[in-house]
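See structure below.
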Amino acid sequence: MGASTRTGKFAVGFTAFAFLFILIAFCSPYWLQTDGELKHPKFTNLGLWELCLKNFQDIHRWYDYPFNGCMWIFEEEYYIIHDYILPGFFIAVQFFFTLCFTLLLMGVIMTL
65 MGASTRTGKF
75 AVGFTAFAFL
85 FILIAFCSPY
95 WLQTDGELKH
105 PKFTNLGLWE
115 LCLKNFQDIH
125 RWYDYPFNGC
135 MWIFEEEYYI
145 IHDYILPGFF
155 IAVQFFFTLC
165 FTLLLMGVIM
175 TL
């Protein structure tokens, strides 16, 4: 349908590349990463859906155990520090990037 002309072929190609790059960004756990300046960082990296911590304890509340390792950001274990690791702007980024991903997926289907 959309690829019958030269312009249509370019549109399909660019849409496919955009979808590939957005898919990689959507799944990547390295949106934010520690810069290596600290000797013992508590935070290692953050993606849209994954958070990696090393011996992290919330400065406002002291719990029995420190948070270690990489986990899904909505993991039940992270619920007690949910307000600290998911500020409002980050939830907005998750929402709008998911919306972008969904609309681009629909765009890929419509250009074929």
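Counting from 1 along the sequence shown, just add 64 to a position and that's the residue number in my numbering. For glycine and all other residues, C-beta sits at the position ideal for the given N, C-alpha and C.
| query | DSSP state of residue 114, grouped into three classes? | reply | Residue numbering aside, residue 114 sits at position 50 when the sequence shown is read from its first letter. If DSSP states are grouped into helix, strand and coil, residue 114 belongs with the strands.
| request: Measure the Cβ-Cβ separation of residue 115 and residue 144 and say whether it is below 8 Å. | output: Within the sequence shown, numbered from 1, the residue matching residue 115 stands at position 51. Within the sequence shown, numbered from 1, the residue matching residue 144 stands at position 80. Contact: no.
| task | Evaluate the contact criterion for the region 161-172 versus the region 130-143: three or more CB pairs, one atom per stretch, below 8 Å. | result | no
| field | For residue 135, the residue or residues it bridges with in DSSP | value | In the sequence shown, counting from the first residue as 1, residue 135 sits at position 71. In DSSP, residue 135 forms a bridge with 115.
| field | Rounded C-alpha distance that separates residue 83 from residue 126 | value | In the sequence shown, residue 83 corresponds to position 19, counting from 1. In the sequence shown, residue 126 corresponds to position 62, counting from 1. If I take the Cα positions, the gap works out to 43 Å.
| If you draw a straight line from the C-alpha of residue 171 to the C-alpha of residue 101, how long is it? | In the sequence shown, counting from the first residue as 1, residue 171 sits at position 107. In the sequence shown, counting from the first residue as 1, residue 101 sits at position 37. Near 42 Å, if we compare the C-alpha coordinates of residue 101 and residue 171.
| task | Please go through the same chain and pick out, in chain order, the residues whose beta-carbon is closer than 6 Å to the beta-carbon of residue 86, but skip the five residues on each side of it. | result | Here residue 86 refers to the residue found at position 22 when the sequence shown is read from its first residue. Cβ within range, chain order: 165 and 168.
| task | Measure from the alpha carbon of residue 157 to the alpha carbon of each residue in 146, 95 and 109, then state which is nearest. | result | Stepping through the sequence shown from its first residue, residue 157 is reached at position 93. Residue 95 is the option with its Cα nearest to residue 157.
| query | Can you round the beta-carbon distance between residue 75 and residue 175 to whole angstroms, since I take them to be within the 8 Å contact cut? | reply | Your numbering for residue 75 matches position 11 in the sequence shown. Your numbering for residue 175 matches position 111 in the sequence shown. That belief holds up - the Cβ atoms of residue 75 and residue 175 are roughly 6 Å apart, short of 8 Å.
| task | Can you tell me which of 142, 131, 69 and 104 puts its alpha carbon nearest to the alpha carbon of residue 117? | result | Taking the first residue of the sequence shown as position 1, residue 117 is located at position 53. Answer by Cα proximity: 131.
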